[in-house]
Structure formats: structure tokens, C-alpha cells
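Protein chains in written order, with this note's numbering: chain A, 4 to 239; chain B, 43 to 271.
To start, the structure under review is shown below, and the notes come after it.
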């Protein structure tokens with residue numbers, strides 16, 4: 004019997020293509036037929052093997068969880084699934100696409116709300132951090148803002164300055180965050196052997212969110228800016 | 043010829059319980075080319091008058107007219123524009139932006155007025171050269187002497203060619219010789235460029251340079267050009 008071996012496991016188990024491997028549950032010897040980059044999932048794992056080959060690994064001999072039907076004409080999958088379902092109503096007949104979708108939804112239902120909550124908290128923390136940074140800078144520079152107001156800079160011009168500061172801080176945070184994400188992603192892929200994907204669209208989405216954050220973060224500093232009295236700069 | 047008219051300017055701080063009349067019906071005129079000195083002891087209302095003339099305070103009563111236009115009746119949104127275009131400030135503590143170089147400080151009003159960076163820089167360099175600061179244009183305020191800082195502040199105040207130049211105790215943080223030079227610079231600017239220069243000070247040595255002297259006491263004009271009222 005042959006199996007595909009994860010590329011990273013070559014070193015871990017000191018095995019190469021063509022080598023044989025045995026499992027404690029079975030006396031059979033398996034030959035490594037090829038290498039695969041590895042797949043990872045936080046959900047269920049499925050391994051499709053022949054019924055006789057699977058027997059040593061199942062807890063209850065003779066039991067079957069899923070039967071994988073390979074069609075001569077894959078395009079007929081939906082029709083075949085429908086036909087089988089009507090003939091065997093007590094079975095759950097699913098196409099490969101259905102199975103993939105179910106797994107996706109299962110993952111989404113269990114992990115997505117948590118991830119979304121973490122994302123909301125992260126955004127709120129981001130707004131607070133950027134806002135506090137700009138607010139502190141505004142308080143520190145109150146006199147300078149007062150001087151600029153006295154000279155004749157309009158509130159709109161000063162808001163613009165503040166927004167640029169806010170965007171600069173946010174852009175810096177985005178740059179650091181994206182760099183860290185790629186770094187952590189690299190570690191996840193190479194050390195934990197898990198899948199990781201960060202696309203340009205993801206970065207774009209976060210950048211858009213960062214711009215919104217920058218605007219929101221400048222709200223409180225702007226309120227502070229409004230209260231700065233230019234007449235104060237005449238006092239010592 | 044520009045004319046500044048302060049018309050019955052009154053400023054009252056606080057309300058019924060604790061009213062403080064900082065300025066009480068002060069009226070005077072100042073013309074372009076003239077330097078007017080406003081003197082008086084602490085608490086006499088000098089700075090309040092300057093703030094009213096500079097549109098940084100709203101009068102309780104009375105108004106400020108510059109070339110016939112009432113600055114006191116401007117909407118809040120128009121005040122900053124009026125200050126930027128027609129009023130230049132020189133402060134007691136110089137009030138240069140510490141993180142900007144001398145030339146960058148001088149560029150600020152021109153940039154705020156919408157001029158491009160290169161042209162603003164060119165004009166600022168010319169202005170600094172005029173005040174003998176060509177070699178100091180890239181110095182930070184902390185590296186400039188008091189006199190140099192005040193000259194940078196005057197250069198900044200003049201960048202948008204304002205009609206009115208208001209100076210609050212411009213000699214207070216300078217030695218007597220430098221202070222004298224600064225006031226002479228202001229007076230010369232008034233004459234050569236036709237500016238209305240108002241200097242608030244309690245330094246009696248400035249009196250000789252000023253064209254008009256107004257003495258305030260308890261918010262009222264006590265003397266005008268040496269004549270008691």
C-alpha cells in the first residue's frame with residue numbers, strides 16, 4: 004500500500020520517497036509514494052482510503068463512517084447524489100462540494116464569532132491607542148496650536164494637520180501590523196505546519212478599516228483643539 | 043492710508059456676582075505709518091485691549107474698525123482669515139514653534155494663506171535677510187538669541203503684509219539695547235511700509251520712539267500723548 008507523506012515529515016521521521024513505513028495498528032507496510040506540502044485544518048480531518056486498508060485503524064472493525072464514491076462522470080455528481088438520497092433516505096448523501104461547504108459553515112459557526120469579537124476589540128483598542136497618542140500630542144502642543152490659531156490658521160487647517168498626524172500614526176501601526184502578520188504567518192507555516200493566507204485584499208480591507216480608525220481616533224483630539232483659546236498664548 | 047479706530051471698547055469679564063471691568067469705553071485712532079504705544083501698570087487693561095484689537099476677544103461693547111470695516115462684527119469663521127490677512131502679532135515670549143527652524147516659522151503664515159512651499163520658502167528667506175538673519179534661517183529657536191527670536195517673530199508677523207501689527211511687551215524678555223533695536227525695527231517698519239503698529243508695554247524707554255502714547259489705568263485712558271484726561 005502506498006501513501007503520500009508530508010514534506011516536513013521527511014526530516015521528522017527520517018523518511019524519503021520509496022521508504023516504507025508501518026503503523027502500530029497494522030502489520031502492513033506502506034510505501035511513501037510521494038510528498039505533499041501539507042494541509043492543515045482547525046476542523047475535521049478526512050482521509051479517503053480503501054475499505055480494507057482502513058480496517059486496522061478503525062476502533063470498531065467493520066464500521067464505516069463515510070463511503071467515498073468515485074464517479075466515472077463527475078459532472079453527474081448532483082444527479083447521482085439526488086438519486087441515491089431518494090433510494091436511501093436514512094443515509095446522508097453529499098457531494099464533495101456539499102461536504103466542503105458544510106465544513107466551511109461548521110468552522111464559520113464555531114470560530115468566526117470569536118474571531119469577529121476579537122477583531123472588534125482590536126479595532127476599538129486601535130482607535131483608543133491612536134486617539135490617545137494624538138490627544139496627548141494635542142495637549143502637549145496646546146501652546147503651539149494656540150500660536151497657530153492666533154496667527155490666523157483656521158480650525159479646518161488645524162483639523163487637517165491633526166488628521167494627517169492620525170493617519171500617519173495609523174499607517175505606521177498598519178505597517179508594523181502587516182509586517183508582524185507576515186512574520187507570524189511564516190512561523191505558522193514553517194514551525195506549526197499549518198496553513199496561512201494573507202492576501203492583498205486582506206491588507207486593503209485592514210487599510211480601509213485603519214483609515215476609518217484614524218478618523219474616529221481624531222474625534223476627541225479635535226474637541227480638545229476647539230477649546231484651545233489663542234488668547235492664552237499672550238500669557239506667560 | 044489705513045486707519046484703525048477703537049470705538050468705545052468695553053470688556054467685562056464674569057457676570058453679575060463677580061464682574062470685572064477690564065476695559066471701559068476706550069476710544070482712539072491710529073494711522074498707517076504711526077507707532078502707537080499703549081502703556082499702563084499691570085491689570086490696567088493693556089493686554090485686553092490688544093486682544094480686542096487682534097480679534098482674539100470679543101468686546102462687551104464698542105467695536106474695532108480697520109479701514110471702515112468692523113472687525114468686531116465678523117463671524118467666528120471669518121475671524122481667523124481676517125487675522126491671517128490683516129493682522130500680525132509679535133509676542134512677549136516670541137512664541138516661535140520650537141520644532142521648526144527660523145525659516146519654517148516665517149513660512150507658516152504664507153503656507154496658511156495657500157502659497158506653495160517653494161515660493162513661501164523663497165519669500166521667507168528674503169524676509170529673514172531683511173532682518174539680518176540670512177545666516178540663521180536654518181537654526182531652531184532654541185539656538186537663537188532672544189533678539190534673533192524676536193526678529194524672526196517680527197518677520198513672521200510681516201509675511202502676509204498685514205495692515206496692523208500688534209506687539210505685546212516685545213522688549214520684556216530682551217536686554218535694553220536689544221529691546222531698543224526691536225522697537226526701532228517696529229517703528230521703522232511702520233514708517234517704511236505704512237503699517238499701523240500698536241505696541242503694548244510698560245517700558246517707559248520706548249516712549250521716545252512712539253508717535254502716540256496712550257496710558258491706561260483701571261481699564262480707562264488716563265493720558266493721551268502726555269495730556270491727562
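Cβ coordinates follow ideal geometry from the N, Cα and C atoms, glycine included.
Based on DSSP bridge pairs, tell me the residues matched to residue i.
i                     : result
residue 105 (chain B) : B:49
residue 39 (chain A)  : A:9
residue 210 (chain B) : B:242
residue 111 (chain B) : B:108
residue 129 (chain B) : B:206
Is residue i helix, strand or coil when you go by DSSP?
i                     : result
residue 257 (chain B) : strand
residue 71 (chain A)  : coil
residue 153 (chain B) : helix
residue 28 (chain A)  : coil
residue 240 (chain B) : strand
residue 151 (chain A) : helix
residue 158 (chain B) : coil
residue 144 (chain A) : coil
residue 200 (chain B) : helix
residue 134 (chain B) : coil
residue 71 (chain B)  : strand
residue 64 (chain B)  : strand
residue 218 (chain B) : helix
residue 54 (chain B)  : strand
residue 216 (chain A) : helix
residue 233 (chain B) : helix
residue 23 (chain A)  : strand
residue 34 (chain A)  : strand
residue 4 (chain A)   : coil
residue 79 (chain B)  : strand
residue 229 (chain A) : helix
residue 84 (chain B)  : coil
Given this structure, state the Cα-to-Cα distance separating residue i from residue j, to the nearest angstrom.
i                     : j                     : result
residue 117 (chain A) : residue 195 (chain A) : 21 angstroms
residue 71 (chain B)  : residue 120 (chain B) : 23 angstroms
residue 212 (chain A) : residue 11 (chain A)  : 37 angstroms
residue 21 (chain B)  : residue 214 (chain B) : No information on residue 21 (chain B) is available, as it lies outside the stretch 43 to 271 that chain B covers here.
residue 65 (chain A)  : residue 108 (chain A) : 30 angstroms
residue 143 (chain A) : residue 174 (chain A) : 22 angstroms
residue 38 (chain A)  : residue 193 (chain A) : 16 angstroms
residue 167 (chain B) : residue 212 (chain B) : 23 angstroms
residue 88 (chain A)  : residue 59 (chain A)  : 30 angstroms
residue 162 (chain B) : residue 234 (chain A) : 26 angstroms
residue 154 (chain B) : residue 233 (chain B) : 27 angstroms
residue 74 (chain B)  : residue 239 (chain B) : 8 angstroms
residue 139 (chain A) : residue 125 (chain B) : 28 angstroms
residue 151 (chain B) : residue 159 (chain A) : 15 angstroms
residue 53 (chain A)  : residue 171 (chain A) : 59 angstroms
residue 109 (chain B) : residue 187 (chain B) : 37 angstroms
residue 91 (chain B)  : residue 47 (chain B)  : 12 angstroms
residue 222 (chain A) : residue 166 (chain A) : 9 angstroms
residue 56 (chain A)  : residue 80 (chain A)  : 25 angstroms
residue 32 (chain A)  : residue 178 (chain A) : 51 angstroms
For a cutoff of 8 angstroms on Cβ pairs, would you count residue i as touching chain B?
i                     : result
residue 224 (chain A) : no
residue 168 (chain A) : no
residue 156 (chain A) : yes
residue 160 (chain A) : yes
residue 130 (chain A) : no
residue 147 (chain A) : yes
residue 179 (chain A) : no
residue 236 (chain A) : yes
residue 153 (chain A) : yes
residue 150 (chain A) : yes
residue 40 (chain A)  : no
residue 233 (chain A) : yes
Any beta-carbon of chain A closer than 8 angstroms to the one on residue i?
i                     : result
residue 125 (chain B) : yes
residue 167 (chain B) : no
residue 210 (chain B) : yes
residue 18 (chain B)  : The structure shown does not extend to residue 18 (chain B), since chain B is modelled only from 43 to 271, so the question has no answer here.
residue 154 (chain B) : yes
residue 113 (chain B) : no
residue 77 (chain B)  : no
residue 89 (chain B)  : yes
residue 150 (chain B) : yes
residue 122 (chain B) : yes
residue 107 (chain B) : no
Sorted by chain position, which residues of the same chain lie with C-beta nearer than 6 angstroms to residue i's C-beta, five sequence neighbours on each side aside?
i                     : result
residue 129 (chain B) : 96, 204, 206
residue 261 (chain B) : 63, 64, 65, 66, 87
residue 257 (chain B) : 81, 82, 264, 265
residue 157 (chain A) : none
residue 253 (chain B) : 76, 77
With a threshold of 7 angstroms on Cβ separation, who are the neighbours of residue i within its own chain once the five nearest residues in sequence on each side are excluded?
i                     : result
residue 216 (chain A) : 126, 129, 130, 133, 173
residue 168 (chain A) : 137, 140
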